[in-house]
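Under full-length UniProt numbering, the first residue of the sequence shown is numbered 1, with each subsequent residue one higher.
Where a beta carbon is used, it is the ideal one built from N, C-alpha and C, also for glycine.
Below you'll find the structure, written out as structure tokens, and then a few comments.
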Amino acid sequence: MAAELTAHQLIAKHRPTLDQALEAISTRAYWSPHPEHPKAYGENGSLSLPEGKTAFDSLLNGRFDLDQPGTDGWTGAEVSPFGPELGITYPHPDVDTLLPAMRAGLRPWRDAGAEARAAVCLEILSRISARTHEFAHAVMHTSGQAFMMAFQAGGPHAQDRGLEAVAYAYAEQSRTPGTAEWNKPQGKRDPLVLTKRFTPVGRGIALLIGCNTFPTWNGYPGLFASLATGNAVLVKPHPRAVLPLALTVRVAREVLTEAGFDPNLVALAAERPGEGIAKTLAVRPEIKIIDYTGSTSFGDWLETHARQAQVYTEKAGVNTVVIESTDNYKGMLANLAFSLSLYSGQMCTTPQNLLIPREGIATDAGAKSYDEVVTDLAAAVSGLLGDDARANGILGALVNPDVKARLEAAPGIGEVALPSREIANPEFPDAVVRTPVIVKLDGAKPDAEAAYLSECFGPVSFAVAVDSAADAVDLLRRTVRDKGAMTVGAYTTSDDVSSAVEEACLEESAQLSLNLTGGVYVNQTAAFSDFHGSGGNPAANAALCDSAFVANRFRVVEIRKEA
């Protein structure tokens, strides 16, 4: 009885937020219940900035116990991209013990119903939100994001994406009524009468394979979509970014327990160095759903081999910006400079290829040649990052040695328009901080294609000279079709060019941003309004979030009886 009462209390507490989220995904207007400013925290049970730092520090060099079954040892080797070793060890799972324990709690979770599941998920998100400052430090020191970005993207923006997934999950489960009376007239005979009951049933255990760069932002949609639709969730973090998702699992298990459900509905699978546990787990018959963000090669492997599971992947793409003309040259340069620099270009939405007609572009500042556009963009990036303190706040740190290697190899690809420079971080002397590099390439030369038609993840972009706007659109279309893109940008004052770019993006299913010159950037998307990816090109087979992202995580099972 206590568990039922707790569920009712959670529904009463969180139903207004759920209703607002449902309204937001319907109108696509701006809305967020999670404050973006650090000063908004510190009251009503939430941690202040100093308290969050203290909480994070208390986790270092210790054992992160989750009291989950099947622990056969301890593992962990996280090193902050800013230098320090975290020294945290996590439970390593014996999956033959853990997976059956996770399945054991599915029936009560199913029977609780969609509204109770949504309320529990919102309570988890609410408690995570209260600890946003603690999570921000965890994200910062596993991803290399500068603190403010880790705070916003790893905190409120990630929480928004989780809530958005819960809203879509509830909407899809509620689309079918719980019961129906079916009455079919039979003329002079008695009618046929059936009572029908419809129950959303989760597929089973979902596997979340976390990423290094955005562990919470990319992880929360799948985690909460699966949990809200009646599944258990096994969280397998990236070995360099365990802590943010381990904290999430801990909060989820606490809430589930307090609400009267089995805490093993959410569990952690931390791996030993070089173990590759994701590949082992992905083909287990108990795993029915997989969410993955990462490389194309492993994403393709999952789609091919995890045949027993519904697989959602976000892989690599080649993001492109067409620059044909602009009526705000200064604003365009500033907007692009920030887009290329934010988090050292380590976002799946960062522009890589800038397609510029070799004869130049028309602007409000007069005609600009290809060389002038590239030179002016390089100057805009240099100006933005000229102050080292400001640069550190924008760039963060390189997340791993592979990014540094790609950056250092970039000058060998073509003529360097903007060389990268090393920036010292006084607070974290061991942090690897580098400004972006811009390389000039001739789109007509076959040897350049190998560079600009491959993703070069990190602070590397290519200014590709093309013959005309029509050629730029053709190259854009081919890039999205063959390589995929999470984002596309375009600058043009021409209705014809705008229409051509729009048509290319519609046909190839790519999300387009036109003529951004202010405080919104092509590599940023807002929950409840913007779709992250489309699921319609090779970069990703799903969008965050839409109905398709949640609807196949459960099936509706019908039981009918004669009345």
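In terms of Cα proximity to residue 105, the closest of 63, 548, 387, 227 is 227.
The three-state reading of DSSP puts residue 283 in coil, since its state is none of H, G, I, E or B. Residue 219 and residue 203 have their C-alpha atoms some 19 angstroms from each other. Counting only the Cα atoms, residue 6 lies some 44 angstroms from residue 397.
Three or more Cβ pairs drawn from the stretch 78-93 and the stretch 422-440 lie within less than 8 angstroms of each other, which places the two stretches in contact. The criterion of a C-beta distance shorter than 9 angstroms is not satisfied by residue 497 and residue 488.
If you draw a 10 Å sphere on the C-beta of residue 335, you find 16 or more other C-beta atoms in it, and that means buried.
With respect to residue 52, residue 132 sits close: the two C-beta atoms are nearer than 9 angstroms. Between residue 540 and the set 515, 528, 510, 526, the nearest pair of CA atoms involves 510. The C-alpha of residue 54 is placed about 33 angstroms away from the C-alpha of residue 12. For residue 180, the uninterrupted beta strand (DSSP E) segment begins and ends at 179-186.
If you compare the alpha carbons of 442, 118, 330 with that of residue 8, the shortest gap goes to 118. Short of 6 angstroms from the beta carbon of residue 388, and not among the five residues preceding or following it, lie these beta carbons of its own chain, in chain order: 423. According to DSSP, residue 209 shares a beta bridge with 236, 292. Boundaries around residue 357 are those of the beta strand (DSSP E), 353-357, since no alpha helix (DSSP H) includes it.
Per DSSP, residue 385 is not a residue of any alpha helix (DSSP H), being assigned neither H nor E. For residue 19, the secondary structure class from DSSP, reduced to helix, strand or coil, is helix.
According to the DSSP assignment, residue 199 belongs to the beta strand (DSSP E) that extends over 189-202.
Here residue 462 has 353, 439, 441, 452 as same chain residues with Cβ atoms under 6 angstroms from its own Cβ, once five neighbours each way along the sequence are excluded. Distance between residue 39 and residue 46, taken at the CA atoms: about 11 angstroms. Counting the other CB atoms within 10 Å of its CB gives residue 556 a total below 16, which places it among the exposed residues. Per the DSSP secondary-structure output, residue 325 pairs in a beta bridge with 362.
The three-state reading of DSSP puts residue 372 in helix, counting H, G and I together. According to DSSP, residue pairing for residue 73 in a beta bridge involves 92.
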